[in-house]
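Chains as they are written, first to last, in this note's numbering: chain A, 24 to 195; chain B, -17 to 243. Where is the CB? At the ideal position from N, CA and C, for every residue including glycine. Below: the structure, in structure tokens.
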Amino acid sequence: MSVERDIEALIPSLRRFARALCRDAHLADDLVQDTLERALSRLFLWRRGSNLRAWMFTILRNLFINGRRTRYAPAATLTADQWEVLLVHLPEQPARMEALDLLRALDRLTEDQREVLLLVGLEGLTYDEAARVLDVPAGTVMSRLSRGREALRRLLDRDDPPKLREVTSNDS
Amino acid sequence: MTRDPMTRDRFTEDELQAWVDRHLDATRSAEVEAWLDANPDAAKRWRAYRRDMDVLHGVFDPVLAEPVQDRLNPAAIRARTWRPLAARAAAAVLLVALGAAGGWLARGDGLGRDEAAQTLPKDAVLAHRVFVAEVRHPVEVAADQEVHLVAWLSKRLGRSIKAPHLTGQGFELMGGRLLAAAGGPAAQLMYQNSEGRRLTLYVRGTGGGDTAFRIQRANGVSAFYWIDRGMGYALIGDLERGRLLDAANAVYRELTEYRTP
């Protein structure tokens, strides 16, 4: 069945998104497996010609929200060491520090901002797809994205001389 | 960031976000970059946004290259979740075959091949007309209780039936109901597509041998019907013949697949 093949093609991206949500490879794959099981058993709910990617990400995201404190919750709070596991492929110290800073900053964003940044920034969903996944208007996606990015930038505070403070909020 | 509507080479906030996400075409993207080059303060902010996303990719992109475990293989997941059903179906089909040979025909209810093949589409179209128009209660048991629906209809029909998926044809299962027919109980499953068009699949035990697909068309609805191993099936819908035939083929394929584990 060709839908099945289309779903298979989405797996790497679903795994990446799940990894970013769960931060643990095994839990993330549990989440992807649950997503696939649900999708495949409910294929009749998916309309041919509608957006399969948005549908799959919606399922994954909803499963995660329901299970993040139970089924997909790490056994203990992630320690810095466990985070380092994510970064084994970044042996160069500066890149590693930058990545670690980014992960820490990402964790300090609101849930709403973080998931938009991951869907759009990491998974490359269009704003419209992200709006469908999150079940919010496109304008809400844009404002969460904009605030999330700015919050992240400030947390990372790379080389932020005070003069840049002119770019204050238009948080309306 | 504020936007000056009088200056053509300024950009909306949304456009700049789209630049960060690389959603702009090459020309517009180059315009944004030229503007950023001329506006160091804005550039610092917008290029930092892009940099952050690049770092994010640097952390998680290696996941894409990892080998995927077998437990995430869709075909394996399907096989695992379907096998028990398929095994049960095989047993049921054997019973149906015995039932057809020993029960229905021996009882001599007189429905020979031709008669069965004639009453089937007639009853099915009638049931289609009555329930397809129903807005509030088109089905007795809705698709969100598919497992219950299938179990219930199977029990009442005395044979294992299943609800074929017509997703490939753009139709989703709405649910089903139990009906009375001359020869005993019948099941009706209803499907709907995104345009609100409805299809019904009518299923009942019937005498008579297997038949090929036949089509009947009356008053705007077409019915494809066939008899397979003691079960009569009719698929009805206000659809163009080719599309209905596609759906009928999908139903037939799924029911056949289901039979052979």
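Between Leu141 (chain A) and Met79 (chain A), the C-beta spacing is not below 8 Å.
A distance below 8 Å separates the beta carbons of Glu152 (chain A) and Ala77 (chain A). Per DSSP, reduced to three states, the secondary structure at Glu152 (chain A) is helical.
Closest in alpha carbon position to Asp52 (chain A), among B:Met172, B:Arg53, B:Ala164, B:Ala232, is B:Arg53.
Taking all protein chains shown into account, Thr58 (chain A) has 16 or more neighbouring C-beta atoms within 10 Å of its C-beta and is therefore buried. Using a Cβ-Cβ cut-off of 8 Å, Leu227 (chain B) does not count as an interface residue toward chain A, since no Cβ of chain A sits closer than that to its own. Counting only residues of its own chain and dropping the five nearest sequence neighbours on each side, Trp134 (chain B) has a CB closer than 7 Å to the CB of Val123. Look at Asp(-4) (chain B): its C-beta is under 8 Å from a C-beta on chain A.
Between the stretch 163 to 179 of chain B and the stretch 136 to 153 of chain B, the count of C-beta pairs closer than 8 Å reaches three or more; the two stretches touch.
Within the same chain, Ala51 come within 6 Å of Arg42 (chain A) by CB-CB distance, once the 5 residues on both sides are set aside.
Inter-residue distance for Leu123 (chain A) and Leu6 (chain B) is about 29 Å (C-alpha atoms, whole angstroms). Boundaries cannot be given for Phe195 (chain B), as no alpha helix (DSSP H) includes it and DSSP labels it neither H nor E. Sorting B:Asn55, B:Val114, B:Pro167, B:Lys144 by C-alpha distance to the C-alpha of Ile218 (chain B) places B:Val114 at the top. Chain-order list of chain A residues neighbouring Leu46 (chain B): Pro35, Ser36, Arg38, Arg39, by C-beta distance under 8 Å. Of the candidates B:Ala229, B:Asp210, B:Met35, the residue whose Cα lies closest to the Cα of Glu121 (chain A) is B:Met35. Interface annotation, Met165 (chain A): in contact with chain B, CB-CB separation under 8 Å. In the DSSP assignment, Ala163 (chain B) forms a beta bridge with B:Gly166. Chain B places no beta carbon closer than 8 Å to that of Ala77 (chain A), leaving this residue out of the contacts. For Ser204 (chain B), the secondary structure class from DSSP, reduced to helix, strand or coil, is strand. Contact annotation: Ala205 (chain B) and Ala216 (chain B) have beta-carbon atoms nearer than 8 Å. Distances from the CA of Val129 (chain B) to each of B:Ala163, B:Gly158, B:Val117, B:Ala106 were compared; the closest alpha carbon is that of B:Gly158. For Ala216 (chain B), the enclosing beta strand (DSSP E) starts and ends at 213 to 219. At least 8 Å separates the beta-carbon of Leu37 (chain A) from that of Cys45 (chain A). For Arg61 (chain A) against Ile82 (chain A), the beta-carbon gap comes to about 5 Å, under 8 Å, which counts as contact.
For Gly152 (chain B), a Cβ of chain A is located within less than 8 Å of the residue's own Cβ.
Look at the stretch 66 to 91 of chain A: the residues with a C-beta under 8 Å from a C-beta of chain B are Leu66, Phe67, Leu68, Trp69, Arg70, Arg71, Gly72, Ser73.
The three-state secondary structure of Arg186 (chain B), taken from DSSP, is strand.
Its chain contains Gln151 as the residues whose beta carbon lies nearer than 6 Å to that of Asp228 (chain B), once the 5 sequence neighbours on both sides are disregarded; these appear in chain order.
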